[in-house]
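Residues 1072 to 1513 in my numbering are what the sequence shown spells out, letter by letter.
Glycine included, each C-beta is placed from N, C-alpha and C at the ideal position.
Worksheet: one structure, shown below.
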Amino acid sequence: MSGLGELDRPGAPTGAAPGRTGPGKPVSASDRTGPGKPESASGSTGLGKPESASGSTGLGKSEPGVDRAGSTPRRGAADPVKALMHRHRGLCERAVDPLEIAAGLEAHGITDRTAARFRHRDVFSLAEEMYARVSRDGDTTVPAPPAAPRVHAGWVLLTLLPGALCAAALAAVHLTHGRSRLFAAAAGALAVALALRAALRRGPLSRTGTDRPGPRPGAASGWTTPWTVWLVAYSLLGNGLLGNALAGGPDTLPTGTADGPWPLTAAPVLALALGCAPAAWTAHLLTARASRKLAVSRGLEDFATSVRPLLIGTFVLFLCALAALLTLSSAVLGERAAYPQVLTLGALFFLARLLTTHGFTYAPAVVLTAAATVEAAALATVFASRLPGFGLLATPVEALVTTWGADSVPTLTCGAAALALLAHMTRKLTRASAHAPPEPAR
1072 MSGLGELDRP GAPTGAAPGR TGPGKPVSAS DRTGPGKPES ASGSTGLGKP ESASGSTGLG
1132 KSEPGVDRAG STPRRGAADP VKALMHRHRG LCERAVDPLE IAAGLEAHGI TDRTAARFRH
1192 RDVFSLAEEM YARVSRDGDT TVPAPPAAPR VHAGWVLLTL LPGALCAAAL AAVHLTHGRS
1252 RLFAAAAGAL AVALALRAAL RRGPLSRTGT DRPGPRPGAA SGWTTPWTVW LVAYSLLGNG
1312 LLGNALAGGP DTLPTGTADG PWPLTAAPVL ALALGCAPAA WTAHLLTARA SRKLAVSRGL
1372 EDFATSVRPL LIGTFVLFLC ALAALLTLSS AVLGERAAYP QVLTLGALFF LARLLTTHGF
1432 TYAPAVVLTA AATVEAAALA TVFASRLPGF GLLATPVEAL VTTWGADSVP TLTCGAAALA
1492 LLAHMTRKLT RASAHAPPEP AR
């Protein structure tokens, strides 16, 4: 059969003349359609009569098997997934699996509801399509999987340095007297602060290194240094000051000993300084294990379910190490081991640093600020109650100290703050985006 253009060409042969069966003999309607069957409009084949698309067999009939409406491909809107890949081109090109793309999309605020606009049921399904198309749409090859984080001798030594310097400073304070003791204490505090700062700038506890996973640091930064210093200072001198203030003092400055009128408790500070090393090791363990789970997980929910026990286990492991260090420190210094106070304070510091290393800095700053403010307010109410007419201000603190001791104030304060950060950590650090490799700087 020739093309449709030949059927529409004027003068094309169509057989016998319409309306006749022989020379000069007209054809009646009954002869054309059979006895008793009137001819319908759709069955007409005469010239000048329109024919339907379904029943016509004459001029203008489409060829069998040719669908004019479906022969031309339907042109839709622009490809939304391709546009999304263009916006996240760097993420797609360096991804080694779909979950890494899903983590990056999640970090940029793309949720399952957003994925529905791209005709996908969830973020992971969208990431699978983007990962499958990157070899065709991208111009570069997919890089090799990133190597697991390694243990470096540099940061190992740095994490041991705060504890060693703190022990040396305490030894110097115990061996000196008078003004020399004051100078030894000031020099030791400065050395420990510098060592701690160096330990936090490198290794698993740092948040500025290029090898750290998670969102970009500084997106919601918070200044925590003064509140951290206050909490450490309170663990050293706060309980003695609070007890002395409730008794009507203090009348003298602290002498740097545990049996003076303003007693100094050094075991908590030494245990926290020594705890910098297990904090770094547990943070490194969390990073390594989370990277493995990120590589083998098949979805965001799957990763969250598998990494949640890892987070809790890491937290418990650090607390066990800190309890052992507190026992050792108390035995060496001959002081009472205040386990509730030190463990809650250590848990608060560890959770705050763990969130900070993964880019979540706002919540630690708020919680540390609140904890330091509550401890300062407890001391302030005791001193303010000495003013005329304000005697009731110290009643809550006095009742708390009388019932559970002076260390109940920091224990309850830091315990509540640590629980808040623990709940926040189980929400934030179970995201795949918190453990994904950072995007390269542009």
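Sequence-distant residues of the same chain with beta carbon closer than 7 Å to residue i, five excluded per side
i: residue 1354; result: 1275, 1276, 1425, 1428
i: residue 1356; result: 1385
i: residue 1443; result: 1298, 1301, 1302
i: residue 1462; result: 1456
i: residue 1419; result: 1442, 1485, 1488, 1489, 1492
i: residue 1481; result: 1305, 1306, 1309, 1412, 1416, 1446
i: residue 1230; result: 1270, 1274, 1347, 1348, 1351
i: residue 1410; result: 1394, 1397
i: residue 1329; result: 1335, 1336, 1406
i: residue 1499; result: 1426, 1431, 1505
i: residue 1434; result: 1426, 1492, 1495
Outcome for residue i when other beta-carbon atoms lying within 10 angstroms are tallied against a minimum of 16
i: residue 1108; result: Only weak support is given to the placement of residue 1108: the predicted model assigns it a pLDDT of 42, under 50, and the value that follows is read from those uncertain coordinates. Exposed.
i: residue 1383; result: exposed
i: residue 1334; result: buried
i: residue 1475; result: exposed
i: residue 1270; result: buried
i: residue 1470; result: exposed
i: residue 1495; result: buried
i: residue 1187; result: exposed
i: residue 1169; result: buried
i: residue 1205; result: buried
i: residue 1166; result: buried
Cβ-Cβ distance between residue i and residue j below 7 Å
i: residue 1478; j: residue 1310; result: yes
i: residue 1189; j: residue 1152; result: yes
i: residue 1344; j: residue 1459; result: no
i: residue 1273; j: residue 1226; result: yes
i: residue 1371; j: residue 1503; result: yes
i: residue 1436; j: residue 1295; result: yes
i: residue 1378; j: residue 1501; result: yes
i: residue 1350; j: residue 1389; result: yes
i: residue 1175; j: residue 1162; result: yes
i: residue 1173; j: residue 1198; result: yes
i: residue 1252; j: residue 1244; result: yes
Enclosing alpha helix (DSSP H) for residue i [first to last residue]
i: residue 1479; result: 1479-1499
i: residue 1388; result: 1371-1404
i: residue 1475; result: 1466-1475
i: residue 1183; result: 1183-1187
i: residue 1534; result: Because the chain is modelled from 1072 through 1513, residue 1534 falls outside the range shown and cannot be assessed.
i: residue 1424; result: 1410-1428
i: residue 1352; result: 1347-1367
i: residue 1335; result: Unbroken run through residue 1335: none, as it is neither H nor E.
i: residue 1324; result: Element bounds for residue 1324: n/a, residue is neither H nor E.
i: residue 1245; result: 1224-1246
i: residue 1264; result: 1249-1272
i: residue 1316; result: 1310-1317
i: residue 1151; result: 1151-1158
i: residue 1301; result: 1296-1304
Beta-carbon proximity list for residue i, same chain, < 8 Å, skipping 5 on both sides
i: residue 1240; result: 1255, 1256, 1258, 1259, 1260, 1262, 1263
i: residue 1182; result: 1194
i: residue 1144; result: In this prediction, residue 1144 scores a pLDDT of 38, lower than 50, which makes its location untrustworthy; the coordinate-derived value is nonetheless stated afterwards. Result list for residue 1144: empty, nothing under 8 Å.
i: residue 1236; result: 1259, 1262, 1263, 1266, 1344
i: residue 1191; result: 1197, 1200
i: residue 1472; result: 1313, 1314, 1317, 1479, 1480
Integer-rounded CB distance, given that residue j should sit under 8 Å from residue i
i: residue 1407; j: residue 1401; result: 7 Å
i: residue 1453; j: residue 1317; result: 6 Å
i: residue 1342; j: residue 1393; result: 6 Å
i: residue 1267; j: residue 1347; result: 7 Å
i: residue 1313; j: residue 1449; result: 7 Å
i: residue 1439; j: residue 1465; result: About 25 Å separates the two Cβ atoms, so there is no contact after all.
Other residues of its chain near residue i: CB distance less than 6 Å, five sequence neighbours each side excluded
i: residue 1339; result: 1306, 1413
i: residue 1315; result: 1321, 1333
i: residue 1111; result: Residue confidence for residue 1111 is low, a pLDDT of 39 falling below 50, so the modelled location carries little weight; the figure read from the coordinates is stated next. Taken in chain order, the list of residues that qualify is empty.
i: residue 1290; result: Summary for residue 1290: the model assigns pLDDT 41, below 50, so the residue's position carries little reliability; its value from the coordinates is reported in the next sentence. Nothing listed; no residue qualifies.
i: residue 1125; result: Confidence at residue 1125 is low in this model, with a pLDDT of 38, below 50, so the placement of that residue is unreliable and no value is reported for it.
i: residue 1331; result: none
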